[in-house]
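Have a look at the structure below, then the notes.
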Amino acid sequence: MEKGESALVAEMRGNLTRMRESGVEPFPRRSERTHRAREVVEAYDDLEGKDVAVAGRLMSVRGHGKAGFADLVDGSGKIQLYVRRDEIGEEAFAVWKLVDVGDIVGVRGEVMKTKTGEVSVKAKSVTVLAKALRPLPEKWHGLKDKELRYRHRSLDLIANEEAKATFLARSAMLRIAREFLWERDFVEVETPILQPNYGGAFARPFTTHHHSLGMDLYLRIADELYLKRLIVGGLERVFEIGKDFRNEGMDRTHSPEFTQLELYQAYTDYHGMMEITESLVVRLARELTGGTEIEWEDRTIDLSPPWRRLKVMDAVVEALGDSALESDEALAAAARAKGIDVDGPPRFGPIVEKVLDELVEPRLFEPTFLIDYPKAISPLAKETPDDPAIVERFEFFIGGLELGNSFTELNDPDEQRVRFELQQAERERGDAEAQGMDEDFVAALEHGMPPTGGLGIGLDRLVMLLTGSRNIRDVILFPPMRPDH
RNA sequence: GGGCCGUUAGCUCAGCUGGCAGAGCACCUGCCUUUUAAGCAGGGAGUCGCUGGUUCGACCCCAGCACGGCCCA
Numbered sequence: 045m046e047k048g049e050s051a052l053v054a055e056m057r058g059n060l061t062r063m064r065e066s067g068v069e070p071f072p073r074r075s076e077r078t079h080r081a082r083e084v085v086e087a088y089d090d091l092e093g094k095d096v097a098v099a100g101r102l103m104s105v106r107g108h109g110k111a112g113f114a115d116l117v118d119g120s121g122k123i124q125l126y127v128r129r130d131e132i133g134e135e136a137f138a139v140w141k142l143v144d145v146g147d148i149v150g151v152r153g154e155v156m157k158t159k160t161g162e163v164s165v166k167a168k169s170v171t172v173l174a175k176a177l178r179p180l181p182e183k184w185h186g187l188k189d190k191e192l193r194y195r196h197r198s199l200d201l202i203a204n205e206e207a208k209a210t211f212l213a214r215s216a217m218l219r220i221a222r223e224f225l226w227e228r229d230f231v232e233v234e235t236p237i238l239q240p241n242y243g244g245a246f247a248r249p250f251t252t253h254h255h256s257l258g259m260d261l262y263l264r265i266a267d268e269l270y271l272k273r274l275i276v277g278g279l280e281r282v283f284e285i286g287k288d289f290r291n292e293g294m295d296r297t298h299s300p301e302f303t304q305l306e307l308y309q310a311y312t313d314y315h316g317m318m319e320i321t322e323s324l325v326v327r328l329a330r331e332l333t334g335g336t337e338i339e340w341e342d343r344t345i346d347l348s349p350p351w352r353r354l355k356v357m358d359a360v361v362e363a364l365g366d367s368a369l370e371s372d373e374a375l376a377a378a379a380r381a382k383g384i385d386v387d388g389p390p391r392f393g394p395i396v397e398k399v400l401d402e403l404v405e406p407r408l409f410e411p412t413f414l415i416d417y418p419k420a421i422s423p424l425a426k427e428t429p430d431d432p433a434i435v436e437r438f439e440f441f442i443g444g445l446e447l448g449n450s451f452t453e454l455n456d457p458d459e460q461r462v463r464f465e466l467q468q469a470e471r472e473r474g475d476a477e478a479q480g481m482d483e484d485f486v487a488a489l490e491h492g493m494p495p496t497g498g499l500g501i502g503l504d505r506l507v508m509l510l511t512g513s514r515n516i517r518d519v520i521l522f523p524p525m526r527p528d529h
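Here it is, written out as structure tokens:
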């Protein structure tokens with residue numbers, strides 16, 4: 045045994061060597077498979093007595109003298125193997141004795157049922173397809189340690205059925221969302237991740253450098269400004285599913301690298317986006333869970349539309365009282381009275397945002413559109429007809445999770461320039477999250493963007509909600525981690 | 001950034017008031033041709049996260065560090 049090598053690994057490597065010594069190649073080029081495990085079980089009546097070839101990972105081996113049973117798991121499920129020395133011959137049985145739990149093997153044999161009624165393949169030949177050299181986690185408890193599960197997702201997927209189910213559900217959601225949008229004549233596009241400016245959201249970006257161009261670039265924090273250029277270009281319904289990057293803290297609902305679905309539709313507004321949101325979420329829930337009720341944090345949530353529409357200012361009044369709206373000073377005082385930390389001169393937009401964050405949003409358990417936001421914190425959205433300080437914007441919440449953001453898009457280029465200038469001033473005042481001027485985007489608007497509704501949905505959180513995952517890391521295959529020691 | 005908790009065999013976990021490092025699964029040897037958390041008998045396996053301190057003696061107490069979890073900002 046080499047230094048630092050466990051006895052188990054030494055044993056498995058020993059079996060590898062013994063296989064080679066007996067003329068068996070443990071990593072052959074070709075494999076054979078006629079049926080998947082589940083197909084053999086489901087089509088037993090047709091397959092009984094016939095030969096099949098199955099392949100997969102040995103998850104359990106039960107020796108029984110001159111015979112043995114094993115569970116073989118492939119992407120479809122599990123099938124039992126029954127290996128008899130008098131069926132496969134002495135030499136092959138000697139090789140069978142060298143396989144370990146975890147090995148990938150192929151078995152050709154006859155479909156049969158044991159006396160306890162389990163569909164099995166009685167082996168006529170066994171082929172090692174890939175020798176495992178490290179042991180699997182314990183079969184009964186699986187891999188529980190979260191650090192190991194995140195760092196070694198391969199093992200997590202092998203050992204924990206729920207982990208696999210979660211990521212299969214995630215993949216299904218992407219497929220269903222695309223189908224839903226294709227049915228509505230949306231086209232899928234790809235826009236730059238490396239951007240000379242960052243915008244479309246409030247966040248600190250990751251910065252990188254392009255050597256050949258000799259310039260700094262930012263990893264996008266949102267897709268918005270490019271997708272709206274496409275609306276100008278006449279692609280009237282576009283969507284993009286991709287990673288955005290925000291250089292901020294990490295917690296149960298925030299990952300620095302996350303997946304967003306953004307879509308833009310010409311000739312509609314945020315009311316149209318509410319309809320799309322409701323329909324999409326209901327479609328996803330129906331296809332994944334069979335219904336519109338989901339379990340979340342020990343409660344049942346009914347996703348049936350129409351969802352509640354709650355005006356931001358009504359929510360603020362509900363949280364702080366009528367007097368809060370009399371002046372910015374009154375708003376600041378009322379917020380402070382509720383324990384909200386308001387520093388500096390009282391400013392309407394930022395205070396409202398804090399009140400929403402701390403007092404309103406965590407309680408939005410039933411599906412809710414929070415609508416009509418202060419313009420000051422929404423530089424890309426169009427004003428409401430009755431109040432120029434308020435814009436046509438919503439965020440939506442389910443189970444206390446902020447899931448998405450939407451506007452009736454601002455399409456007046458002069459107004460957009462003013463809004464950017466205000467943001468620019470914020471940035472120069474030291475707010476790294478403020479959005480900078482994007483002349484090229486304004487120029488695009490000057491060509492004329494039709495009235496448009498836009499929507500962004502945080503897909504990771506939606507996966508959390510629909511799979512009952514309590515931490516965003518449980519729905520991201522390889523979450524960012526500090527290097528192991 | 002703060003608080004609390006965790007790190008012991010490949011995995012899941014015990015380990016009392018500081019006194020020789022434990023169990024189950026896995027692994028090894030033997031028996032076993034319908035088992036399925038196979039069974040029976042026997043056996044091996046450890047840098048107790050790292051570094052320092054206190055002590056006759058530290059997995060255990062103290063300090064620092066690393067990584068992680070949960071909660072808060």
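In this text, residue positions in the first sequence follow the numbering used here: the first is 45, and each later residue adds one. Virtual Cβ for every residue (Gly too), placed ideally from N, Cα, C. From a predicted model like this one, the values you see are computed outputs, not experimental measurements.
Length of the line joining the Cα atoms of residue i and residue j
| i | j | result |
| --- | --- | --- |
| residue 414 | residue 177 | 54 Å |
| residue 510 | residue 238 | 31 Å |
| residue 501 | residue 325 | 10 Å |
| residue 236 | residue 454 | 22 Å |
| residue 15 | residue 55 | Since the first residue shown for the chain is 45 and the last is 529, residue 15 is missing from the structure and cannot be characterised. |
| residue 429 | residue 274 | 26 Å |
| residue 259 | residue 242 | 14 Å |
| residue 94 | residue 115 | 20 Å |
| residue 181 | residue 127 | 24 Å |
| residue 91 | residue 147 | 26 Å |
| residue 437 | residue 367 | 24 Å |
| residue 533 | residue 418 | Coverage of the chain is limited to positions 45 through 529, which leaves residue 533 absent and any answer about it impossible. |
| residue 347 | residue 338 | 8 Å |
| residue 495 | residue 400 | 28 Å |
| residue 23 | residue 524 | Residue coverage of the chain in this structure runs from 45 to 529, which leaves residue 23 outside it and unanswerable. |
| residue 87 | residue 155 | 10 Å |
| residue 85 | residue 214 | 27 Å |
| residue 231 | residue 291 | 30 Å |
| residue 381 | residue 219 | 47 Å |
Residue i Cβ short of 8 Å to the ligand GTP heavy atom set
| i | result |
| --- | --- |
| residue 469 | This structure simply doesn't include the ligand GTP, nor any ligand for that matter. |
Option nearest residue i by Cα separation, candidates the options
| i | options | result |
| --- | --- | --- |
| residue 441 | 410, 168, 416 | 410 |
| residue 135 | 66, 486, 387, 321 | 66 |
| residue 212 | 333, 490, 395 | 333 |
| residue 142 | 264, 59, 459, 337 | 59 |
| residue 475 | 246, 150, 425, 519 | 246 |
| residue 468 | 482, 459, 457 | 482 |
| residue 80 | 189, 101, 433, 347 | 101 |
| residue 124 | 109, 161, 131 | 161 |
| residue 199 | 186, 209, 150 | 186 |
| residue 264 | 304, 279, 445, 484 | 304 |
| residue 310 | 341, 278, 330, 287 | 278 |
| residue 412 | 383, 331, 350 | 350 |
| residue 462 | 495, 480, 52 | 480 |
| residue 354 | 226, 405, 312 | 405 |
| residue 506 | 421, 493, 520 | 520 |
| residue 184 | 369, 360, 104, 393 | 104 |
| residue 473 | 388, 444, 403 | 388 |
Simplified DSSP state of residue i, which is helix, strand or coil
| i | result |
| --- | --- |
| residue 409 | coil |
| residue 59 | helix |
| residue 128 | strand |
| residue 203 | helix |
| residue 321 | helix |
| residue 278 | coil |
| residue 451 | strand |
| residue 78 | coil |
| residue 292 | coil |
| residue 287 | strand |
| residue 520 | coil |
| residue 462 | helix |
| residue 308 | strand |
| residue 64 | helix |
| residue 177 | coil |
Anticipated Cβ contact below 8 Å, residue i with residue j, distance rounded
| i | j | result |
| --- | --- | --- |
| residue 163 | residue 140 | So it is not a contact: roughly 20 Å between Cβ atoms. |
| residue 244 | residue 268 | 3 Å |
| residue 99 | residue 173 | 6 Å |
| residue 364 | residue 376 | No, residue 364 and residue 376 are not in contact; Cβ-Cβ is about 10 Å, not under 8 Å. |
Contained beta strand (DSSP E) runs [length at least 3] in the segment 329-371, N- to C-terminal order: 337-340, 343-346, 352-355
Give, in chain order, every unbroken run of the beta strand (DSSP E) that is at least 3 residues long and sits entirely within the segment 116-172. 121-128, 148-157
Completely contained beta strand (DSSP E) runs for the segment 198-276, where each covers 3 or more residues: 251-254, 259-263
As an exercise, report each continuous alpha helix (DSSP H) stretch of at least 4 residues that is fully enclosed by the segment 385-435, in chain order. 392-399
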